[in-house]
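Inspection log for the structure reproduced underneath, given as structure tokens.
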Amino acid sequence: MAKESYQRSREAEKLHVQKIGHTEWLRSKPFLARNGLDVDRALTEIQVFAALVENLPFGPGARILDVGAGPCWVSEWLQKLGYATISCDLAHDMLRVGQGRLRPGSSLVAGDMAALPLADASVDGVVCYGALHHVPNWPEAVAEFHRVLRPHGVLVLQEPGRGHAQQAESIAQMEQFGVLEQDLPPRTLRRACLGAGFSNAWIRPLNGTLGHGRLRIMPAYPFLRAAPRLFLKKRLSRWRCAVLEHGLNMLAPMHLVVAAKGVIWADSLRPETMVARFQRVELPVVVPPDQTFPVELELLNTGLTRWRAEAIRDGMGHVRVGVSCLHASDGTLKDLDYARIALPRDLPPGERLKLAARLPCLPAGEWILRFDMVAEGLFWFANKGSRTVSRTIIVTTDAPPV
-12 MAKESYQRSR EAEKLHVQKI GHTEWLRSKP FLARNGLDVD RALTEIQVFA ALVENLPFGP
48 GARILDVGAG PCWVSEWLQK LGYATISCDL AHDMLRVGQG RLRPGSSLVA GDMAALPLAD
108 ASVDGVVCYG ALHHVPNWPE AVAEFHRVLR PHGVLVLQEP GRGHAQQAES IAQMEQFGVL
168 EQDLPPRTLR RACLGAGFSN AWIRPLNGTL GHGRLRIMPA YPFLRAAPRL FLKKRLSRWR
228 CAVLEHGLNM LAPMHLVVAA KGVIWADSLR PETMVARFQR VELPVVVPPD QTFPVELELL
288 NTGLTRWRAE AIRDGMGHVR VGVSCLHASD GTLKDLDYAR IALPRDLPPG ERLKLAARLP
348 CLPAGEWILR FDMVAEGLFW FANKGSRTVS RTIIVTTDAP PV
């Protein structure tokens, strides 16, 4: 696109709110459209938002960039789910509308998504809902998304596919407001993500509506994914199943494109499998009463979830070693929360960690110390099938200092 056309498109986006002339529907989006209440459109918007969040592997507290935020309704809803948001839009007027929807102190940034005013590796996730197709140099924007994402970050895009720019509504938008409308098919977006340096990118079909109408033209997405495997796996070779599943996915009227910067792991605030293996637990057999004593541990994360080392929201979701104390005589519980040992860093799946700590003093007697992992405020790993390790310790006045 020529430089003059590019500048015209930028100016049209900046002045979009002024040209609309009223902003009440922007303050009520997605429930109100420009022409008033549109239930089907609202349901589609809500559905897409749910899919955007579902494809973010991070729990509440993660830092999410809402780019092309417009009136910031996506940011508002992300905040209600506990995420920290940065709302970025080219139009100051849009951000002023959005500011009234967000909690005090929220981060709003005016800027071009092809030259984001953010530091490298500064956000956990980027969401862009229906905004990239207004950007003339959109591949540069995709490269910017990659730049600002932290390692293991995720980009989630939802853009109109083929035929969008030829629709009557799009033509009217271009003629009336001067904004750019263009087609961004999911396969084109996926190629751009890989070209920008993302390690992988996927096309995710949505069970949506065609033109925001009442007709649902496809069954639910889980059925699309399962159908080839459930009904045809025995009769077709694996590659034919894969081709058929891909073809069914392409029948969906709406898609997400999800791109990963490195390996994606679930977060301990939104966990998948949480399993720990205690490869070494060493502590004295005999200790004196009223004295702390040392313990050394070696842990292996054998699950599918990254263990957070620090709490982000309401003291929840971070993982620590949890030690319970039981009576050795009958195995009854003395203290479920006898001790906690913090992790010095996040622990991704497959990684080991060595820990050294001192445990609280115990009264004289014989005790069993049971070692487990705890996702604070959520669950003990043992309740999800992870194995614990127990050690017996004798507390006596005859023991030497440790």
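Going by my numbering, the residue at position 400 of the sequence shown is 387; the numbering climbs one at a time, nothing skipped.
Cβ atoms here follow ideal geometry from the backbone N, Cα and C, with glycine treated the same way.
Cβ distance (whole Å) where residue i is taken to contact residue j below 8 Å
i	j	result
R134	V244	R134 to V244, Cβ: 18 Å. No contact.
G304	L256	3 Å
P58	R88	7 Å
F358	F265	6 Å
M100	E131	6 Å
L330	V306	6 Å
A369	P258	Between P258 and A369 the Cβ distance is about 14 Å, and since that is not below 8 Å, they are no contact.
L103	E146	Not confirmed; about 18 Å, so no contact.
A351	T384	7 Å
Short Cβ contact (7 Å threshold) for residue i with residue j
i	j	result
L340	I328	no
G69	P47	yes
G302	M261	no
V250	C180	no
V268	A386	no
S186	A106	no
V54	C115	yes
Separation of residue j from residue i, as counted between CA atoms
i	j	result
E127	L24	36 Å
E11	A263	52 Å
L284	V376	11 Å
E338	D170	43 Å
L356	G364	21 Å
F18	W60	10 Å
R201	G117	Confidence is the limiting factor: at R201 the pLDDT is only 33, short of 50, which leaves the residue's position unreliable and the question unanswerable from this model.
R374	R345	22 Å
P388	S94	54 Å
P123	I33	27 Å
H121	T175	15 Å
G372	D324	19 Å
L65	T31	17 Å
A213	P138	The predicted model places A213 with a pLDDT of 41, which falls under 50 and marks its position as unreliable, so this point remains unresolved.
M360	A38	31 Å
T72	C312	41 Å
P172	A188	14 Å
A326	D317	21 Å
V96	L13	18 Å
K16	V26	12 Å
Residue from the options with nearest C-alpha to residue i
i	options	result
I190	A183, G182, L144	L144
R293	F36, L193, G140	G140
G98	I381, L313, A369, A56	A56
P275	D170, V382, M360	V382
V310	H121, M100, T379	T379
M241	P123, L193, A247, N288	L193
G92	V54, A102, N187, S74	S74
D322	K16, P347, P123, V54	P347
L142	E41, P104, A351	E41
L136	A38, A253, L52	L52
D254	N124, W125, A296, L349	A296
A315	I33, W354, L30	W354
R90	L313, P104, K67, K371	K67
V308	T319, D317, V282, L320	V282
W125	A183, S94, A71, P138	A183
A298	A49, K16, V26	A49
D277	L349, A326, W252, D317	L349
Residue i beta carbon near the ligand NAD (any heavy atom closer than 6 Å)
i	result
H120	In terms of ligand content, the structure shown is empty, and the ligand NAD therefore cannot be addressed.
Check whether the segment 332 to 339 touches the segment 76 to 95, counting contact only when three or more Cβ pairs, one atom from each stretch, lie closer than 8 Å.
-> no
Check whether the segment 83 to 93 touches the segment 107 to 123, taking contact to mean three or more Cβ pairs, one atom from each stretch, closer than 8 Å.
-> no
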